[in-house]
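Reading through the structure tokens given below for one structure.
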């Protein structure tokens, strides 16, 4: 039986988590099942005879900015099947049911960090970005001062406000930062003996004041039960350089096509009065309501999808799979643009910052 677990049942997935993700510490698991399962949903395959949970996928909710839109989006984590029930189609059943439910909720898209991209490509997930991987450069190490956040409302509010503004200025797609988000992140870091710190710089003393003021230039997180590892770094280019490690990939999939397309616009340089009408033919084997032919009307302020009627007149036509469409609209479809030059008029969501771990 495939079903969502009741709140009191969620801890019954711990044996499967320990089997599949054996590298996670008990302290981290205690944090996760205390904090993240408060508002997530766990879809599971439960053996009717024994009640054993043999396959699961967790839907962890985030408030995500997508262009001008802010949506409730699920980050898909902890997809796992017991060793004795693998290669029996259980995960396919869970992911298919999950996407059907997401479509019914009009969720524009979902995202995940894959252990192996080949697991999710058959479900039309595509790689949309790498997780950011930065470290301080010599100037940053020399001039910035690190100050640990206190686990109080003032510092959480201060950190959330700075991060949200910093991300908004640079990216189109990112998880919105709130004091609650920061509080959860602090708990996650603490489960692995970690912390968050402001990176500040002191300005000269202002006239009439006794001392200078410290201005936030970045925020950094550390964790690790043994050797400490940098978990996150947000700071400007003047302070940073690429880190010497291969960053994890993030994959995504458009779920509710009509909802997702409301976040797309024509590029600013396309002309204020410009309006583009597209005969859009989409193939989607798993979310059947996305499949078919539509009229897509897009300008610099709106983007709308309509049912197709034979007498409709359009400027251009496009036949595309949902995977190709996801890749293009998240900035990974440059090859398609070569075949269809008009596609370059579309402002895709190619500035993406998704660095969540769980």
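Numbering (our numbering), first residue to last: 184 to 541.
In this text, a Cβ means the ideal position worked out from N, Cα and C, and glycines have one as well.
Since we're looking at a predicted model, the values are computed, not measured.
- Per DSSP, the continuous beta strand (DSSP E) segment holding residue 482 begins and ends at 475–482.
- Annotation: residue 261 is outside any alpha helix (DSSP H); the continuous beta strand (DSSP E) that includes it extends over 252–264.
- In this structure, residue 469 keeps its C-beta atom at 8 Å or more from the C-beta atom of residue 529.
- In this structure, the beta-carbon distance from residue 318 to residue 400 does not fall below 8 Å.
- Scanning the stretch 321–367 from its first residue to its last, the whole beta strand (DSSP E) runs of 3-plus residues come out as 328–331, 356–358.
- Residue pairing of residue 399 in beta bridges, as defined by DSSP: 383.
- Remark: three or more beta-carbon pairs, one from each stretch, lie closer than 8 Å, so the stretch 269–287 and the stretch 225–234 are flagged as touching.
- Between residue 270 and residue 237 a beta carbon distance of about 13 Å is seen, past the 8 Å cut, so the two are scored as non-contacting.
- Only exposed fits residue 322, as fewer than 16 other CB atoms lie within 10 angstroms of its CB.
- Taking the C-beta atoms as reference points, residue 417 is found no nearer than 8 Å to residue 433.
- Within the stretch 269–316, the alpha helix (DSSP H) runs of at least 4 residues that lie entirely inside it are, in chain order, 273–287, 300–303.
- Separation of residue 373 and residue 532 (C-alpha to C-alpha, rounded to the nearest whole angstrom) is 33 Å.
- Counting the other Cβ atoms within 10 Å of the Cβ of residue 337 gives fewer than 16, which makes it exposed.
- Counting along the chain, residue 489 sits inside the beta strand (DSSP E) bounded by residues 486–490.
- Burial state of residue 424 is exposed, judged by a 10 Å Cβ sphere holding fewer than 16 other Cβ atoms.
- Residues 378, 380 of the same chain have their beta carbon placed closer than 6 Å to that of residue 331, with the five preceding and five following residues left out of the count.
- Taking C-beta atoms under 8 Å as the contact rule, residue 534 and residue 355 qualify, at a distance of about 5 Å.
- With contact defined as three or more Cβ pairs closer than 8 Å, the stretch 432–447 and the stretch 499–514 are in contact.
- For residue 462, the enclosing beta strand (DSSP E) begins and ends at 458–466.
- Assignment of beta-bridge partners to residue 241 by DSSP yields 225, 260.
- Around the beta-carbon of residue 263, 16 or more other beta-carbon atoms lie within 10 Å, marking it buried.
- For a cut-off of 8 Å, the C-beta gap from residue 349 to residue 291 is around 24 Å, too long to register as a contact.
- In the structure shown, the three-state DSSP call for residue 205 is coil.
- Here residue 298 is exposed. Its C-beta has fewer than 16 other C-beta atoms within 10 Å.
- DSSP lists no bridge partner for residue 422.
- Counting along the chain, residue 501 sits inside the beta strand (DSSP E) bounded by residues 499–504.
- Classified as buried, residue 358 has 16 or more neighbouring CB atoms from the shown chains inside 10 Å of its CB.
- Here residue 480 has 460, 487 as same chain residues with Cβ atoms under 6 Å from its own Cβ, once five neighbours each way along the sequence are excluded.
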